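Some notes on the structure that comes next.
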Amino acid sequence: MERKAEPIVFTTTDPLGRKVLLKRDTWLSHIRAKHGEDIITEETIKKNIEDPIYITQNLKPAYDGSKELVIDSRRQDYWDVVPGNEHFFLLKTIVEFETENEGKVVTTYLLTKMKEMRTTGGIIYDRKQNKSTN
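With our numbering applied, the sequence shown corresponds to residues 142 to 275, in that order.
Structure (C-alpha cells):
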C-alpha cells in the first residue's frame with residue numbers, strides 16, 4: 142500500500158542552498174498549538190529560513206541529570222530578530238536535516254533573552270560574513 146504524502150505548508154531554500162520544508166502537521170499541531178504567538182506566521186518562519194541572521198549548531202540537554210548541553214548533529218538553529226508590540230524577540234527555528242541538503246522544520250518559538258542564543262555548538266552561517274560584496 143502506497144503511503145500518502147503529508148501536506149506541506151511551504152518548501153524553500155536556505156542561504157546555503159539546502160531545501161527546507163514545513164509540514165502542515167508540524168505547523169498546526171506543534172507550532173500553532175504550543176507556540177501560537179501572533180508574531181509567528183508561515184511567512185515569518187519562511188523568511189527566517191531564507192534569510193537568517195545566523196545558523197548555529199543545535200544544542201540540547203544531555204538528559205543524564207547534568208546541566209550539560211550536547212550537540213544534536215542533525216539539527217540546526219536559524220535565528221532572526223522580530224518586532225513585537227513593545228519590544229523585540231529572538232525567533233528560533235529548528236531544522237532537522239534528514240540528508241545533507243534536505244531538512245524539515247521541527248519547531249519555531251520566541252525567546253526574550255539574548256543569553257538564550259547559544260553559539261557553543263558553532264556558527265554555521267553568519268549573514269554579515271556571507272553577504273555578497275558585488
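Note that CB positions come from ideal geometry on N, CA and C, so glycine has one too. Treat the numbers as computed from the prediction; the structure is a model and nothing was measured.
Should residue i be labelled buried (16 or more other beta-carbon atoms within 10 Å of its own) or exposed?
i	result
V161	buried
G262	buried
Q217	buried
D205	exposed
Secondary structure at residue i, three-state DSSP: helix, strand or coil?
i	result
N242	coil
W168	helix
K254	coil
R82	The requested residue 82 does not occur in the structure, where the chain is confined to residues 142 to 275.
G263	coil
K208	coil
V194	Inspection of the sequence shows that residue 194 is occupied by Ile rather than by Val. Here I194 sits in coil by DSSP.
R173	helix
Taking the alpha carbon of residue i as the point to measure from, which residue in the options has its own alpha carbon closest?
i	options	result
F151	G158, W168 and L157	W168
T240	E147, K233, K187 and S214	S214
L251	F229, S170, D267 and P202	F229
S170	D155, L231 and T249	T249
E257	P148, L210, Y266 and G158	L210
Check: Any chance the segment 194–212 sits against the segment 174–185, with 3 or more Cβ pairs inside 8 Å?
Finding: Fewer than three pairs of CB atoms, one per stretch, sit closer than 8 Å, so the segment 194–212 makes no contact with the segment 174–185.
Checklist line | Inter-stretch contact (C-beta, 8 Å, three-pair minimum) for the segment 245–255 and the segment 159–174 | finding: In short, these stretches touch, since the Cβ pair count reaches three.
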